[in-house]
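Remarks on the structure that follows.
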Amino acid sequence: METKRNYVIDFDSTFTQVEALDVLGEISLADAKDKKAKLAELKSLTDRGMEGKLAFRDSLRERLDILEAEEKHLDPLIENLKTRISKSFRRNEEFFRENRDNIYIMSNGFKEFIIPIVAELGIKAEHVFANDFVFDENRKIVGFNTENVLSSNNGKVKQLQSLDLQGDVYVIGDGYTDYEIKAAGLANKFYAFTENVERDKVTEKADHITPSFDEFLYLHKMNKAISYPKNRIKVLLLENVHADAVKIMKEEGYNVQTVAGALDEEELSEQIKDVHVLGIRSKTQLTKKVLENANRLMAVGAFCIGTNQIDLEACLDKGVAVFNAPYSNTRSVVELAIGEIIFLMRNLPDRISEMHKGIWNKSATGSFEVRGKKLGIVGYGNIGAQLSVMAESMGFDVYYYDLVERLALGNATKCSSLDELLQTVDIVTFHVDGRKENKNIIGDRELSLMKDGSYLLNLSRGSVIDIEALHKHISSGKIKGAGIDVFPKEPKTNQEEFVSKLKGLPNVILTPHIGGSTEEAQENIGNFVPGKIIEYINTGGTTNSVNFPNLQLPRLENAHRLIHIHHNKPGIIAHINRILAANDINVVGQHLKTNETIGYVITDINKKYDNDVIKELKGIEGTIRFRVLY
16 METKRNYVID FDSTFTQVEA LDVLGEISLA DAKDKKAKLA ELKSLTDRGM
66 EGKLAFRDSL RERLDILEAE EKHLDPLIEN LKTRISKSFR RNEEFFRENR
116 DNIYIMSNGF KEFIIPIVAE LGIKAEHVFA NDFVFDENRK IVGFNTENVL
166 SSNNGKVKQL QSLDLQGDVY VIGDGYTDYE IKAAGLANKF YAFTENVERD
216 KVTEKADHIT PSFDEFLYLH KMNKAISYPK NRIKVLLLEN VHADAVKIMK
266 EEGYNVQTVA GALDEEELSE QIKDVHVLGI RSKTQLTKKV LENANRLMAV
316 GAFCIGTNQI DLEACLDKGV AVFNAPYSNT RSVVELAIGE IIFLMRNLPD
366 RISEMHKGIW NKSATGSFEV RGKKLGIVGY GNIGAQLSVM AESMGFDVYY
416 YDLVERLALG NATKCSSLDE LLQTVDIVTF HVDGRKENKN IIGDRELSLM
466 KDGSYLLNLS RGSVIDIEAL HKHISSGKIK GAGIDVFPKE PKTNQEEFVS
516 KLKGLPNVIL TPHIGGSTEE AQENIGNFVP GKIIEYINTG GTTNSVNFPN
566 LQLPRLENAH RLIHIHHNKP GIIAHINRIL AANDINVVGQ HLKTNETIGY
616 VITDINKKYD NDVIKELKGI EGTIRFRVLY
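16 is the number of the first residue of the sequence shown in this note's numbering; add one for each residue after it.
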């Protein structure tokens with residue numbers, strides 16, 4: 016007979032993401048003049064109590080004195096806490112409802128707000144053991160019930176002793192008082208829960224550090240409510256991707272590691288060996304050699320627009336889906352382009368430099384308005400098109416050239432060739448991708464075609480313009496000014512020296528690849544890319560993937576989802592279906608999409624299947640990768 020399992024779970028910073036009394040302080044002290052100082056003191060008392068540095072009863076008494084709370088503050092507190100139940104607890108609601116008879120909330124907090132919160136996941140009120148508030152005649156909170164054993168030092172130990180639980184006992188919490196239960200011999204194991212807060216004095220005492228509730232369930236082979244063991248997914252984020260991306264992936268339950276700068280090929284080849292998700296920006300090169308070491312890699316997030324730094328074909332060969340953020344920094348790049356054009360046409364780079372040297376050079380010579388000037392846009396995609404609209408509203412006559420047929424916006428004029436555009440306009444700005452065909456599309460010949468005294472901007476890819484040729488034509492005066500944000504060779508970190516022949520040239524703006532580097536753009540990217548990766552891992556959906564066939568999939572319900580990635584060759588889907596039919600497995604939904612290289616088949620089946628079926632599906636000739644979602 017299987018031994019009964021009992022789960023003793025802490026409330027503050029475990030069941031919820033926050034300490035409830037800290038949140039109560041935000042409410043009760045909302046109008047207090049010294050609110051900030053009192054909240055800081057409140058948090059300090061909480062941390063000292065949780066780490067065992069302050070006697071619990073003293074900590075509780077001092078905190079309630081600071082709060083000056085009333086009964087009327089409890090309803091808004093409860094509503095707030097309902098929205099702040101720990102993400103991994105919410106994800107695994109099914110576990111709490113199925114095991115409600117064996118789950119106990121053991122907290123030094125207060126029943127008045129704990130019972131309504133844990134009821135959200137079906138936990139019994141009679142299984143909540145916590146303190147009670149004491150109110151005065153005006154319903155102000157003036158203290159706590161000192162007769163309640165949980166108000167005393169070592170209260171959790173005394174309370175659990177009185178329950179005399181039969182069977183195994185597992186304690187999950189973030190505080191030193193949770194560890195004391197195990198230390199007293201009343202629990203089989205203590206799991207330090209670190210999803211919301213990590214306390215060194217607690218984690219060093221733990222039998223196991225649990226970054227999410229998924230980890231606990233995985234260890235006990237009870238991970239039913241999630242489609243994949245998320246806590247086992249290792250994410251490596253490079254180049255200071257936005258903090259929102261880190262937060263989103265951690266909240267999803269992933270094991271996230273961050274690195275401030277880029278990694279070179281050798282370093283990344285070593286680091287990527289056990290990584291499931293890689294996040295990079297523009298400096299990191301994801302080469303075929305690196306991918307040869309990436310045997311667990313499922314997805315790559317390019318936290319930028321371009322993906323020329325990624326070997327997309329090699330990713331396809333490995334069955335790795337790549338996602339980027341094609342629209343997130345469009346506005347930022349357009350604004351920089353407009354700003355630089357104005358600066359260059361007013362010759363401001365030189366005037367600013369002179370002023371810093373003490374030179375007063377007030378003159379209108381060589382300084383022009385942008386109104387009525389001809390702006391040429393090479394690349395009429397998301398950025399080029401938005402720049403076209405903004406530039407026209409400022410009075411530019413807009414011309415554009417693109418290899419792809421693009422509809423002109425506003426009064427923009429399409430040029431039939433790059434040469435035609437270069438010969439026509441006063442300012443040329445480049446907004447093209449990094450494909451091989453675009454390397455050095457502007458060299459000595461093309462620069463010679465431009466009008467004398469024209470201007471040039473490159474905020475797209477460093478490989479687009481021949482720097483030697485540009486240096487020559489700026490030095491001769493043919494090109495009167497340039498704004499360059501991207502370079503053929505760029506430093507990997509902010510500590511490396513920037514080297515370029517363009518340094519020191521007149522009326523030249525050099526910027527360190529910051530076209531999309533605004534807080535707004537990075538926040539947009541940091542929120543967009545993780546969402547696509549999470550969708551892919553959880554559902555198999557590949558919307559906005561730059562290398563996989565794009566499939567938007569319905570939510571998986573009451574079925575298993577079989578994801579089969581294979582080389583694009585005839586007969587694969589028929590082979591899959593023959594295996595399923597031979598094993599009398601019912602297909603409840605199926606989706607197929609292909610590109611030139613791979614086929615992507617999603618098959619939803621009923622839950623009755625044998626593991627041998629999975630082996631057969633994996634063994635189909637041409638299979639690149641196979642996984643199952645529950």
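Beta carbons: idealized from backbone N, C-alpha and C, even for Gly. Note that the structure is a prediction, hence the values are computed from the model and not measured.
Relative to residue 249, the option among 549, 60, 151 whose CA is nearest is 549. Residue 443 is not a Cβ neighbour of residue 456, given a cutoff of 9 Å. Bridge pairing for residue 581: 614, 638 [DSSP]. Apart from sequence neighbours up to five positions away, the residues of its chain that approach residue 641 with a beta-carbon distance below 8 Å are 577, 578, 579, 580, 629, 632, 633, ordered along the chain. In the DSSP annotation of this structure, residue 605 is not part of any alpha helix (DSSP H); the continuous beta strand (DSSP E) holding it starts and ends at 602-609. DSSP places residue 313 in the coil class of the three-state scheme, outside both helix and strand.
Residue 437 has no beta-bridge partner at all, per DSSP.
Secondary-structure assignment with DSSP links residue 85 through a beta bridge to 155.
For the options 166, 618, 407, 227, the alpha carbon positioned closest to that of residue 270 is the one of 227.
Counting only the Cα atoms, residue 547 lies some 37 Å from residue 40. Apart from the 5 residues on each side of it in sequence, residue 404 sits with its Cβ closer than 7 Å to the Cβ of 424, 425 in its chain, given in chain order. In this structure, the CA atom of residue 324 is about 9 Å from the CA atom of residue 317. Counting only runs of at least 3 residues, the segment 536-586 fully encloses the following beta strand (DSSP E) elements, listed from N- to C-terminal order: 575-582. Taking residue 125 as reference, the option from 150, 103, 112 with the minimal CA-CA separation is 150. Just measuring C-alpha positions, the residue of 46, 152, 328 sitting nearest residue 613 is 328. In the three-state DSSP reduction, residue 371 falls in the helix class (H, G or I). Taking 9 Å as the cut-off, the Cβ atoms of residue 540 and residue 260 count as close. Inter-segment contact for the segment 184-194 and the segment 17-34 is present: three or more beta-carbon pairs are separated by less than 8 Å. For residue 397, the three-state secondary structure derived from DSSP is helix.
No Cβ-Cβ contact shorter than 9 Å links residue 202 with residue 225.
Counting along the chain, residue 336 sits inside the beta strand (DSSP E) bounded by residues 336-338. Bounds of any alpha helix (DSSP H) do not take in residue 204; it lies within the beta strand (DSSP E) bounded by 204-208. Residue 334 and residue 601 have their alpha carbons spaced roughly 26 Å apart. Here the alpha carbons of residue 411 and residue 101 stand approximately 53 Å from one another. Nearest in C-alpha terms to residue 571, of all of 483, 596, 620, 536, is 620.
If you draw a 10 Å sphere on the C-beta of residue 564, you find 16 or more other C-beta atoms in it, and that means buried. With respect to the 9 Å criterion, residue 75 and residue 33 are not classified as neighbours on the basis of their beta carbons. In the structure shown, residue 179 adopts coil according to DSSP, grouped into three states. Residue environment: residue 299 is assigned as buried (16 or more neighbouring CB atoms within 10 Å of its CB, all protein chains considered). Closest option to residue 169, judged by alpha-carbon separation, among 439, 599, 71, 560: 71. Look at residue 447 here: in three-state DSSP terms it is coil, with no helix or strand label. Annotation for residue 272: the continuous beta strand (DSSP E) segment containing it runs 270-273. In its chain, beyond the 5 residues on either side, 291 have a beta carbon closer than 6 Å to the beta carbon of residue 313. Taking a 10 Å sphere around the C-beta of residue 513, we find fewer than 16 other C-beta atoms and assign the residue as exposed.
Taking a C-beta distance under 9 Å as the contact criterion, residue 254 and residue 284 do not qualify as a contact pair. Contact between residue 439 and residue 391 holds: their C-beta atoms lie close to 7 Å from each other, under 8 Å.
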